[in-house]
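J.:
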Amino acid sequence: MLIDKIKERFGEKVVIFEKNSHRVFIETGKDNAKELVRYMFRDLGARFSIASGVDTRPAVEILYHMAFDKHDLILTVRVEVEKPSLEMPTFSDFMPAAEWIEREIYEMFGVNFIGHPKLETLLLPDDWPQGVYPLRKNTFDSEKENKEI
Amino acid sequence: MAKETLIPIGPYHPLLEEPEFFKFYVEGEKIVDADVRVGYNHRGIEKLAESKTFEQDVFLVERICGICSTSHPFAMVRAAEDVSGIKVPERAQYIRTIIGDLERIHSHLLWIGLAGHFIGYNTVFMWAWKYREPVLDIFEVISGNRNHYGMFKVGGVRRDIENAQVPGLLKAIGDVEKFCAMLTRAVMDDPMIQARLKNIGILKKQDALDLCVVGPVARASGVDIDVRRDHPYAAYGKVEWKTIVLQNGDVFDKAAVRLLECQESARIIRQCLEKMPAGEIDAGVREVGVGEGIGQHEAPRGEVIHYIKANGSNFPERHKIRAPSFMNVPSFKKTVIGQSIADAALITAAVDPCYCCTERMAVLEQGTDKVLLTGEELVRLSQQKMEQMRR
Amino acid sequence: MLNKLFKWGLKKSLWVYHAGASACNNCDIEILDLLTPKFDVERFGIVLVGSPRHADVLLVTGVANRQITPRLKELYEQVPNPKVVIAVGSCACTAHMFRDSYNVMKPIDEIIPVDIYLPGCPPKPEAMIDTIMKVLGLLASRQGK
């Protein structure tokens with residue numbers, strides 16, 4: 001039912017993969033993601049559970065995990081953010097819950113969330129070197145490099 | 150004059166002179182702004198997880214937090230099992246439920262003790278922590294350790310509960326249930342505690358929804374969510390229990406939710422011990438497979454969610470961990486602004502972050518960041534307010 | 541000899557300061573548990589103090605990450621001599637599973653000198669009490685110097 005509403009509203013802009021009745025993955029472009037997540041949050045009553053990033057090497061993939069508690073369902077929106085520009089609009093303007101995780105993805109992967117009210121490090125120390133993004137795949141290629149930082 | 154017993158709450162952080170966590174900016178007695186700095190505890194666990202096998206990761210994530218040390222393994226193994234739909238044997242599901250809710254009781258009692266200390270009721274602290282001990286003893290009987298139980302593995306649990314142990318465990322949990330009921334009545338019926346805790350630090354329902362808070366913080370503000378009921382797993386769907394939801398969103402309601410939940414947890418554990426079927430405790434999983442999995446668990450503080458991306462090897466490609474406090478701590482800004490500094494310690498503690506964080510608070514001068522009051526002084530202010538109310 | 545030590549110990553309370561580096565808090569809770577009725581360390585004369593300047597014994601828990609390392613050194617300097625440092629828990633002893641993390645610099649004993657290692661995850665409260673009592677002898681010998 002929820003999936004049908006999304007299909008109806010977004011049509012070709014989304015590719016839906018239903019893994020099972022509890023796990024659905026929706027792939028969409030960077031330009032459409034904000035509209036989709038806003039629709040889920042405001043109109044469909046989803047709870048933003050968390051977002052996760054992963055370095056797929058050509059890009060950084062961000063997943064927005066939206067929980068629908070009344071339907072025992074997690075709908076995950078998959079967005080690819082291409083390197084080297086790594087820019088994404090912030091979702092914190094309509095969803096304050098996203099503020100912290102966008103800061104974390106910024107410091108761990110280097111994604112710039114445009115329009116974020118306070119895009120600075122969250123977990124890393126103040127003297128952490130610029131441009132070193134710990135969760136990217138090739139960041140700590142040797143142990144020596146790790147300790148020198 | 151009574152001797153002042155120093156009860157150190159939380160590790161006395163080396164940064165005692167330099168406040169690092171909760172910062173409160175005041176004008177007179179009122180808090181006008183608040184900020185929180187995190188990261189003092191950052192150990193790079195998500196990156197470490199990629200270089201450890203799934204089996205090692207279960208032990209790694211257990212040590213994210215000592216208080217809810219079973220919640221992270223619970224969510225993690227569920228995420229790993231979600232990748233290729235591994236089915237966990239029924240007996241193991243019951244044992245997981247027992248461990249999960251025993252932890253809820255011990256964590257809530259710990260928090261009650263802490264809150265008691267913050268309002269100067271050191272008896273509550275001593276009582277709550279004394280009666281935590283039988284819960285830890287039950288853990289030791291079942292798992293071999295008071296904390297960090299090492300019970301979870303992908304596909305099941307590591308240790309079985311012997312049939313001969315069950316009568317003793319039932320009696321012990323009965324005693325815990327009686328104590329929780331007594332503590333609940335003592336705390337909730339006390340007019341001084343009501344006066345002190347009611348209408349302090351209110352989190353409005355709309356703010357709770359916008360910030361997507363979870364657990365008792367959400368349920369105290371009228372947001373009716375609980376992973377155990379909404380996304381049923383383990384044996385939670387097979388036993389009778391209630392979700393506790395209150396409406397005011399103040400510190401009193403947050404405490405009440407936790408107190409009442411202890412009794413519900415004892416009910417769950419008792420029923421699980423009685424209904425647990427015979428059978429295997431381990432599915433004998435050899436590999437996690439390829440794909441993505443998401444696992445949730447209702448930890449004492451709220452929803453824990455893990456996401457695992459597996460690539461067919463023994464190591465996760467990506468392991469995302471989100472603890473409930475990540476969603477709940479930002480809500481303190483909404484609840485603390487406009488309140489008096491005497492209440493700052495209590496309101497912050499009501500969010501129930503990893504408890505050591507609540508010690509790292511300070512009142513700073515707007516503009517210069519000069520420390521006006523340290524965390525210890527804030528706790529003392531809170532205790533003094535209660536003293537004054539009693540007179 | 542043991543009798544003399546014991547008598548000396550009973551006359552003097554042991555003032556213990558607990559410094560938590562980036563810990564998971566389990567060891568910290570077990571240390572706090574020492575105050576509760578079941579273990580009640582105050583009957584042995586062990587007192588947890590709020591300032592390093594008053595301490596005889598420094599209990600360190602957790603791994604030292606980048607943020608904590610310089611502070612831990614400062615803290616150690618503030619504890620007056622004679623002092624004994626106990627690394628409580630496996631994290632403080634060896635950094636165990638966190639050793640290879642990008643945010644963990646060195647194990648505690650490469651930052652400050654450690655006298656006693658108390659492994660365990662977490663160590664039992666009984667083990668902690670036993671260790672702190674053994675410290676009496678160490679302190680007495682340092683006092684003499």
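Residue numbers (the working numbering), protein chains in the order written: chain A, 1 to 149; chain B, 150 to 540; chain C, 541 to 685. The beta carbon of each residue, even a glycine, is placed where N, CA and C say it ideally should be.
Run down chain A in chain order and give the residues with a C-beta less than 9 Å from the C-beta of Lys545/B.
T.: Because chain B here runs from 150 to 540, residue 545/B falls outside it and cannot be looked at.
J.: For Trp260/B, which three-state DSSP category applies?
T.: helix
J.: Considering only C-alpha positions, which residue in the set Glu102/A, Glu87/A, Lys83/A and Leu86/A is nearest to Gly93/A?
T.: Note on identity: in this sequence residue 93/A is Asp, with Gly being the wrong assignment. Looking at the Cα atoms, Glu102/A is the closest of the given residues.
J.: Could you check whether Ile105/A and Gly53/A sit closer than 8 Å to each other, using their CB atoms as the reference points?
T.: Yes, the Cβ-Cβ distance between Gly53/A and Ile105/A is below 8 Å.
J.: Can you pull out the residues from the stretch 115-137 of chain A whose beta carbon lies closer than 9 Å to at least one beta carbon of chain C?
T.: Result list: Leu123, Leu124, Pro125, Asp126, Asp127, Trp128, Val132 and Pro134.
J.: So the alpha helix (DSSP H) Tyr106/A belongs to, where does it begin and stop?
T.: Its alpha helix (DSSP H) spans residues Glu99 to Phe109.
J.: When we look at the beta-carbon of Gly188/B and count the other beta-carbons within 10 Å, is it buried (16 or more) or exposed?
T.: buried
J.: Over what stretch of residues does the beta strand (DSSP E) that includes Ile349/B continue unbroken?
T.: No beta strand (DSSP E) holds Ile349/B; DSSP gives it neither H nor E.
J.: Is the CB of Glu12/A under 8 Å away from at least one CB in chain B?
T.: no
J.: Does any C-beta atom of chain B lie closer than 8 Å to the C-beta of Asp43/A?
T.: no
J.: Let me make sure I understand the geometry here. Which of Arg307/B, Asp379/B, Leu408/B and Pro381/B has the alpha-carbon closest to that of Ala128/B?
T.: With chain B represented from 150 up to 540, any question about residue 128/B goes unanswered, as that position is not in the structure.
J.: Would you mind stating whether Ser553/C and Val603/C have Cβ atoms separated by less than 8 Å?
T.: no
J.: If the cut is a Cβ gap below 7 Å, which residues of chain A does Arg606/C touch?
T.: Residues of chain A with a Cβ closer than 7 Å to the Cβ of Arg606/C are, in chain order, Pro125.
J.: Is it right to say Phe17/A is buried, meaning 16 or more other beta carbons lie within 10 angstroms of its own, or is it exposed?
T.: exposed
J.: Which whole runs of the alpha helix (DSSP H) in the stretch 183-216 of chain B are 4 residues long or more, in chain order?
T.: For the stretch 183-216 of chain B, the full-length alpha helix (DSSP H) segments reaching 4 residues or more read 194-199 and 203-211 along the chain.
J.: Report buried or exposed for Glu8/A, applying the criterion of at least 16 other Cβ atoms within 10 angstroms of its Cβ.
T.: exposed
J.: According to DSSP, is Phe301/B helix, strand or coil?
T.: Phe301/B sits in a strand when the DSSP states are folded into three classes.
J.: Is the stretch 293-308 of chain B close to the stretch 316-329 of chain B, with three or more CB pairs under 8 Å?
T.: They do not touch, by the three-pair rule.
J.: Give me the residue from Thr634/C, Met673/C and Ser681/C with the minimum Cα distance to Leu587/C.
T.: Contrary to the premise, residue 587/C reads as Val rather than Leu in this sequence. For Val587/C, the nearest C-alpha among the options comes from Met673/C.
J.: Beta-carbon within less than 6 Å of Leu678/C's beta-carbon, same chain only, minus the 5 sequence neighbours each way: which residues are those?
T.: Val624
J.: Using 8 Å as the limit for Cβ to Cβ distance, is Lys578/C near chain B?
T.: yes
J.: Judging by CA-CA distance, which residue of Ala241/B, Thr219/B and Ala228/B is the nearest neighbour of Gly432/B?
T.: Note that residue 432/B is Ala in the sequence shown here, rather than Gly. The shortest C-alpha separation from Ala432/B is found at Ala241/B.
J.: From Arg377/B to Ile247/B, what distance separates their C-alpha atoms?
T.: 13 Å
J.: Under DSSP, the alpha helix (DSSP H) around Gln420/B begins and ends at which residues?
T.: Val400 to Lys424 is the span of the alpha helix (DSSP H), which, as asked, contains Gln420/B.
J.: Under 8 Å between beta-carbons, which chain C residues line up against Phe140/A? List them in chain order, please.
T.: Those are Tyr642, listed as they occur along chain C.
J.: Can you find the residues in the same chain that come closer than 6 Å, C-beta to C-beta, to Thr333/B, ignoring five residues on each side of it along the sequence?
T.: Leu408
J.: Along chain B, which residues have their Cβ under 8 Å away from the Cβ of Ser562/C?
T.: Tyr189, Asn190, His191 and Arg192, listed in chain order.
J.: Any C-beta of chain A sitting closer than 8 Å to the C-beta of Phe464/B?
T.: no
J.: Taking Cβ-Cβ distances below 7 Å as the criterion, which residues of the stretch 619-638 of chain C are in contact with chain B?
T.: Met637 and Phe638
J.: What is the rounded straight-line gap between the Cα of Phe328/B and the Cα of Glu195/B?
T.: 39 Å
J.: Taking the alpha-carbon positions, what's the Leu75/A to Phe68/A distance?
T.: 8 Å
J.: So if DSSP puts Glu176/B in a beta bridge, which residue, or which two residues, is it bridged to?
T.: BP columns for Glu176/B point to Lys179/B.
J.: Please classify Ala344/B as buried or exposed, where buried requires at least 16 neighbouring CB atoms within 10 angstroms.
T.: exposed
J.: Compare the Cα-Cα distances from Ile310/B to each of Cys217/B, Cys421/B, Val207/B and Thr392/B and report the closest residue.
T.: Of Cys217/B, Cys421/B, Val207/B and Thr392/B, the residue nearest in Cα terms is Cys421/B.
J.: For a test of the three-state rule: what should DSSP assign to Arg9/A, helix, strand or coil?
T.: helix
J.: Output needed for Arg231/B: all residues of its chain with C-beta closer than 7 Å, excluding positions within five of it in sequence on either side, in chain order.
T.: Per the sequence shown, the amino acid found at residue 231/B is Asp instead of Arg. Gly442, Ile443 and Gly444, listed in sequence order.
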